[in-house]
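Input: a single structure, listed below in structure tokens.
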Amino acid sequence: MGREGRAAEGPPAPLAVEASATRRGAAGARRCAKLPHGMDPSAADRSAPLIDIAGLRFRYPGAREDALADFDLQIGEGEFLVVVGANGSGKSTLARLLGGLDKPTSARHALGCGRDLLTDQGRVDVRRDVGVLFQNPDNQLVAQCVEEDIAFGLENLGWSAVDMRRRVDEMLTRFQLEDLRHREPHLLSGGQKQRTALAGVLAVPRRVLVLDEPTAMLDAVGRDDVLAAVSELHAEGLAIVLITQEMDEVVGADRVIALERGTVVFEGTAAELFADIDLVVRLRLGLPAPGALAVALGERGRLLPRLPLTIGELLEELASPP
Amino acid sequence: MSAQGPAPRQGSTTVGASLACRRVSFSYSEGGASVPALRDVSFSVPAGDAMALIGASGSGKSTLLQVIRGLDEPEAGAVVLDGVEPGAAGYAERQREVGLVFQTPEVQLFAATAREDVAFGPRRLGWSEPDVADAVARAFELVGLPQAVYADRHPYSLSGGEARRLALAGALAMRPRLVLLDEPFVSLDPGSRRDLVAILERLRADGITLLLVTHDVDLAWRLCEQRLVLAEGRVAAAGLWDFAGDDARLLAANRLREPFLVELWRRLAYAPGQAPRTLEEAAKALA
Amino acid sequence: MRATIAQYYPGTSPIHRLDPRAKFVAVTAMAVALFLRDSFAGLAVFAAAAALAYGLSRVPIAWFWRAFRPLLWLVGLTFLAQLLFAPGDAFFSLGFLHLSWRGIELAAYLSLRLVVLVLIGSVLTLTTPPMALTDGLVWLGRPLRRLRVPTDELALIVTIALRFIPTLLAEFDTIMRAQRARGVDFHRGGLRQRVRNLQPVLVPLFVVSFRRADDLALAMEARCYRPGIARTRLHPLRAGWADVALLATTTVVIAAGLLL
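These protein sequences, in sequence, are chains A, B and C.
To convert, note that position 210 of the first sequence is 1061 in my numbering; the numbers rise steadily by one, no gaps.
To convert, note that position 240 of the second sequence is 1726 in my numbering; the numbers rise steadily by one, no gaps.
To convert, note that position 92 of the third sequence is 95 in my numbering; the numbers rise steadily by one, no gaps.
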């Protein structure tokens, strides 16, 4: 069955654990609490969703089919949304649209942090509020050393040197890059590059962070570092959209949507997603190892009451009487 | 000269080649200084076995693969291929029987058609056209890309998973007896990963020796009976997995977890070293 | 694989701390002045000034040698050419080769001048980070904006190019190794064969670069970049009294070099 990714209970999957913990608490109260770095409280309209898209269509020029069709999405303040789907299902297209980097072909409405994504100016403006981190760490670093790269976005927005210095130092500390501040990008490991890129994206104070398969090209250590950082950001109140194909980044997510050929075919919790085995197979997703083992046991006649997603749940299920 | 084509080698009885590294050391120069990448590395892999190569970034894994293939010469020690020492007769031929698949190998695809790219290696070896065609057909089949569908496709029109399999076909078309793979699963979607695992299992079933650099401990556990842990160019552990002993600690030192099945067996109070390699075997044991 | 294309040697010497614009103007002016007159005395003045500047920069001699070594052939050629072919009263002839005192004098002068030129240039490149130099050049080139030359965009282009040179070199090396593992022998064969051998390396490199350009453009846009916007800098250029002193000193040196 190959690599089904696995969710552990302890630190190795900080993302999953953190996400569950924040969700089970008073989610509403949390949302009104700490705002992301540098955010102006008066600018936040807490009643309106941060992302509000209805009936969106997107087709690449010259393509035979829509990359996204009849697409609806709402994301509120501080939410954590995971997006899954096979290659070609429209995930990367969604990331670019949310970041105001592509123009929707049409939509009933498409608002990002109050900006109209259907207008050119709206898309330019939304890039200040919605940050996007891409898959290839190397292809996001522009400058000749870490601190210059982190400053890139701020330089584009015309920040003063003094303010930039302060903000860059903040980011260097926050992402544990202080010792690397003068390092050239080609001398960094994959994980360090991706953390630098993340620091650069977040140097501009954001309200939403979109991550398009951020750990796909990283090794285990790099992955852990990036996911831990994302988890902390979510705990601080930043809205996150995580697009991923790694199943153990999905476990524990309170809100998952699955895309198939440009439309949303599932919306619910991670547990509900994995319980729908036919969907998992059809979308060529995997199951976290404990779930896959439970399915294999079921095929051998030993049915477990619930589908376990973590090793702890699996052990509980195995211990329970048949 | 391999102009004769991929005929079975005289003197060897196995499909796969054995590998032994004896006190291999290698340094490269960077900015004027000499950086030791491999220090006194010794280990062996019997013919037909598979070994997982594990270590932190910068520990020397990729360098080791390239030294084994012969792209770099060790400054000390020896890489013994199928029992043949460097400098002895037939060593160069043994080197040509080592397939090396780099990280993101699809980057090196360059030909106009998939078939041309796969044929590149065998042609370089000087094989006759019928032998080349045969090797190419076999390689396409091995990686699960039907030749009828894919032969004339442009390499850049393939999806990530397909391109990776095509690059692998290019290496397999040269009929290697030892295949070295550098992080073959990185950047693949779950479906493509499963396909690749199936391909490697097929190679194992055929008897080919494998050396696999990976940070995916579950796949390392599933595919390999041996492991080599490198730290700063030195061998921290070499040989069969040893979860009854120190392996969990060694992995943790590299910020890696134990394989899921090993942890499960441990927590079920079974002997972790006896944990099954695949989910199917585990299901059979627990059902 | 480390590439030292820009050859910047980090440091905090007085020379390092000078404004890149002032350094560039000083170096360019001296380089031009070097060629305005032919006199050993003048050359000695320039040489002394350059050596003094180099000494003040506290950059090890080894680094100058590394910058200079690739040009050794040029200096050698110049020397030999003047030595053997310069017109003048020959005291030794062999066919069309003649050795004369004038030839020796010319050979020495021209070779030394080349060395001094490289020394002056090295003081600039060894003490100025490429980014700062680019910024300085953009500032100096601002009048060109009137002529619709996109100097700011050029600056970004240069910066990004320099940033990716080591990455590209590493990828070139990796792809070459991958093809070697498939049996390509880059050292074998005549010129035609060797050029053909580069195809499996250059094609992938091009493709990687085009994909990278796409990705990078997207990432830059996502960080609010647009061509033509006014960008501020984390390390803005700040000229000070030391730079005025540098320009004044340079003027004196040039005057001395030209008059002596």
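All C-beta atoms in this analysis are idealised placements derived from N, C-alpha and C, irrespective of residue type, glycine included.
Values in this document were obtained by computation on a predicted structure and should not be read as measured data.
Neighbourhood of valine 1566 (chain B) by C-beta distance below 6 Å, restricted to the same chain and skipping five residues each side: In the second sequence, the residue the question calls residue 1566 (chain B) occupies position 80. The residues are Ala1506.
What in chain A is Cβ-close to proline 1762 (chain B), meaning under 7 Å? As a working note, residue 1762 (chain B) is residue 276 in the second sequence. Those within 7 Å of proline 1762 (chain B) in chain A number zero; the least Cβ separation is about 10 Å.
What is the residue span of the alpha helix (DSSP H) that histidine 19 (chain C) lies within? Indexing the third sequence from 1 puts residue 19 (chain C) at position 16. Run containing histidine 19 (chain C): 17-20, per the alpha helix (DSSP H) assignment.
Specify the secondary structure class of threonine 170 (chain C) as computed by DSSP and reduced to three states. For the purposes of this step, residue 170 (chain C) is taken as residue 167 along the third sequence, with counting starting at 1. Three-state result, threonine 170 (chain C): helix.
Return no unless some Cβ of chain C is closer than 9 Å to the Cβ of leucine 1652 (chain B). On the second sequence, residue 1652 (chain B) is found 166 positions in, with the first residue counted as 1. Answer no: the Cβ-Cβ gap between leucine 1652 (chain B) and chain C never drops below 9 Å.
Check the Cβ of valine 1672 (chain B) against every Cβ in chain A and list those closer than 9 Å, keeping chain order. Counting from 1 along the second sequence, the entry for residue 1672 (chain B) is found at position 186. Going along chain A in sequence order, the residues near valine 1672 (chain B) (Cβ under 9 Å) are Ala1067, Met1068, Leu1069, Asp1070.
Uninterrupted alpha helix (DSSP H) stretches inside the stretch 29-107 of chain C (no shorter than 4 residues): Fully enclosed alpha helix (DSSP H) runs of 4 or longer: 43-60, 64-71, 75-88.
Applying the 10 Å Cβ sphere with the 16-neighbour rule, what's the burial state of tryptophan 1727 (chain B)? Counted from its first residue, the second sequence places residue 1727 (chain B) at position 241. So tryptophan 1727 (chain B) counts as buried.
So valine 264 (chain C) packs on tyrosine 1642 (chain B), CB below 8 Å; how close in whole Å? Outside the modelled stretch of chain C, which goes from 4 to 263, sits residue 264 (chain C), for which no answer is possible.
Looking at the secondary structure, which residues open and close the alpha helix (DSSP H) in which histidine 1701 (chain B) lies? The sequence position of residue 1701 (chain B) within the second sequence is 215, counting from 1. Here histidine 1701 (chain B) belongs to no alpha helix (DSSP H), and DSSP marks it neither H nor E.
Counting C-beta neighbours from all protein chains within 10 Å, is the total for phenylalanine 1003 (chain A) 16 or more, i.e. buried, or is it exposed? Here residue 1003 (chain A) corresponds to residue number 152 of the first sequence, with the count starting at 1. Burial state of phenylalanine 1003 (chain A) is buried, judged by a 10 Å Cβ sphere holding 16 or more other Cβ atoms.
Give the straight-line distance between the Cα atoms of arginine 1610 (chain B) and valine 187 (chain C), rounded to the nearest whole angstrom. Mapped onto the second sequence, residue 1610 (chain B) falls at position 124. Mapped onto the third sequence, residue 187 (chain C) falls at position 184. Taking the Cα positions, arginine 1610 (chain B) is about 7 Å away from valine 187 (chain C).
Would the beta-carbon of glycine 1051 (chain A) be found less than 8 Å away from any heavy atom of the ligand SAM? Ligands displayed in this structure: none; no statement on the ligand SAM is therefore possible.
Please list, in chain order, the chain C residues whose beta carbon lies closer than 8 Å to that of methionine 1015 (chain A). As a working mapping, residue 1015 (chain A) is identified with position 164 in the first sequence. Correct list: Thr235, Leu237.
How is the beta strand (DSSP E) around serine 212 (chain C) delimited, first residue to last? As a first step, residue 212 (chain C) must be located in the third sequence, where it is residue number 209. That residue, serine 212 (chain C), is in no beta strand (DSSP E); its alpha helix (DSSP H) goes 202-225.
Taking any Cβ of chain B, which residues in the stretch 1138-1152 of chain A have a Cβ under 8 Å from it, in chain order? Within the stretch 1138-1152 of chain A, the qualifying residues are Ala1140, Pro1141, Ala1143, Leu1144, Ala1147, Leu1148, Glu1150, Arg1151, Gly1152.
Against chain B, does arginine 1157 (chain A) count as a neighbour if the rule is that its beta carbon must be under 9 Å from one of theirs? Position 306 of the first sequence holds residue 1157 (chain A). At a cut-off of 9 Å between beta carbons, arginine 1157 (chain A) makes no contact with chain B.
Inter-residue spacing [alpha-carbon to alpha-carbon] between leucine 1696 (chain B) and leucine 962 (chain A): If you number the second sequence from 1, residue 1696 (chain B) lands on position 210. If you number the first sequence from 1, residue 962 (chain A) lands on position 111. Taking the straight line joining both Cα atoms gives about 52 Å.
So with Cβ pairs under 9 Å, would you call asparagine 938 (chain A) a contact of chain C? Here residue 938 (chain A) refers to the residue found at position 87 when the first sequence is read from its first residue. For asparagine 938 (chain A), the answer is no, since every Cβ of chain C falls outside 9 Å of its Cβ.
Whole runs of the beta strand (DSSP E) within the stretch 1036-1119 of chain A, excluding any shorter than 3 residues: The DSSP assignment places 1059-1063, 1090-1094, 1106-1111, 1114-1119 as complete runs of the beta strand (DSSP E) inside the stretch 1036-1119 of chain A, in order along the chain (cut-off: 3 residues).
As assigned by DSSP and simplified to three states, the class of threonine 1695 (chain B): Residue numbering aside, residue 1695 (chain B) sits at position 209 when the second sequence is read from its first letter. Under the three-state reduction of DSSP output, threonine 1695 (chain B) falls in the strand class.
Sort B:Ala1691, B:Asp1638, B:Ala1574 by Cα distance to leucine 1628 (chain B) and report the nearest one. Here residue 1628 (chain B) is taken as the residue at index 142 of the second sequence, counted from 1. Answer by Cα proximity: B:Ala1691.
Assuming alanine 1657 (chain B) is part of the alpha helix (DSSP H), what are its boundary residues? Counting from 1 along the second sequence, the entry for residue 1657 (chain B) is found at position 171. Note, alanine 1657 (chain B): alpha helix (DSSP H), 1646-1658.
Can you grab the Cα-Cα spacing for the pair arginine 20 (chain C) / methionine 223 (chain C), in whole Å? For the purposes of this step, residue 20 (chain C) is identified with residue 17 of the third sequence, where counting begins at 1. For the purposes of this step, residue 223 (chain C) is identified with residue 220 of the third sequence, where counting begins at 1. So the alpha carbons of these two residues sit roughly 30 Å apart.
What separation, rounded to the nearest whole angstrom, lies between the Cα atoms of threonine 1095 (chain A) and valine 933 (chain A)? Here the question's residue 1095 (chain A) lines up with position 244 in the first sequence. Here the question's residue 933 (chain A) lines up with position 82 in the first sequence. So the alpha carbons of these two residues sit roughly 7 Å apart.
Locate the alpha helix (DSSP H) running through valine 934 (chain A), then write down its first and last residues. Mapped onto the first sequence, residue 934 (chain A) falls at position 83. That residue, valine 934 (chain A), is in no alpha helix (DSSP H); its beta strand (DSSP E) goes 931-936.
For threonine 31 (chain C), go through chain B and note every residue whose CB falls closer than 7 Å to its CB, in chain order. On the third sequence, residue 31 (chain C) is found 28 positions in, with the first residue counted as 1. Result: empty, since nearest Cβ-Cβ is about 29 Å, beyond 7 Å.
Taking the alpha helix (DSSP H) that arginine 149 (chain C) falls in, what are its first and last residues? Walking along the third sequence from the start, residue 149 (chain C) turns up at place 146. According to the DSSP assignment, arginine 149 (chain C) belongs to no alpha helix (DSSP H), since it is labelled neither H nor E.
With a threshold of 16 other CB atoms inside 10 Å of the CB of proline 271 (chain C), please say whether the residue is buried or exposed. Any answer about residue 271 (chain C) is impossible in this case: the structure gives chain C only from 4 up to 263.
What is the DSSP secondary structure of alanine 1625 (chain B), reduced to helix, strand or coil? Within the second sequence, the letter at position 139 stands for residue 1625 (chain B). Shown here, alanine 1625 (chain B) sits in a helix according to DSSP, grouped into three states.
Determine whether the Cβ of serine 1040 (chain A) lies closer than 9 Å to any Cβ atom of chain B. By one-based count along the first sequence, residue 1040 (chain A) stands at place 189. Against chain B, the CB of serine 1040 (chain A) has a partner CB under 9 Å away; the residue lies at that interface.
From what residue to what residue does the alpha helix (DSSP H) around arginine 1555 (chain B) run? On the second sequence, residue 1555 (chain B) is found 69 positions in, with the first residue counted as 1. 1547-1555 is the extent of the alpha helix (DSSP H) around arginine 1555 (chain B).
With a threshold of 9 Å between beta-carbons, can serine 1824 (chain B) be considered close to chain A, or not? What the structure shows of chain B is the stretch from 1487 to 1773, and residue 1824 (chain B) is not part of that stretch, so it cannot be assessed.
Given glutamate 1168 (chain A) as reference, the closest of A:Gly1152, A:Pro1141, A:Arg1151 once Cα atoms are compared: Against the first sequence, residue 1168 (chain A) aligns to sequence position 317. Taking glutamate 1168 (chain A) as reference, the option from A:Gly1152, A:Pro1141, A:Arg1151 with the minimal CA-CA separation is A:Pro1141.
If we ignore side chains and look at the alpha-carbon of each, how far apart do leucine 219 (chain C) and arginine 978 (chain A) end up? The residue you call residue 219 (chain C) lines up with position 216 of the third sequence. The residue you call residue 978 (chain A) lines up with position 127 of the first sequence. Between leucine 219 (chain C) and arginine 978 (chain A), the C-alpha separation is close to 15 Å.
In chain B, what lies closer than 7 Å to glutamine 1096 (chain A) by C-beta? Looking up residue 1096 (chain A) in the first sequence gives position 245. Neighbours of glutamine 1096 (chain A) on chain B, chain order: Asp1675, Pro1676.
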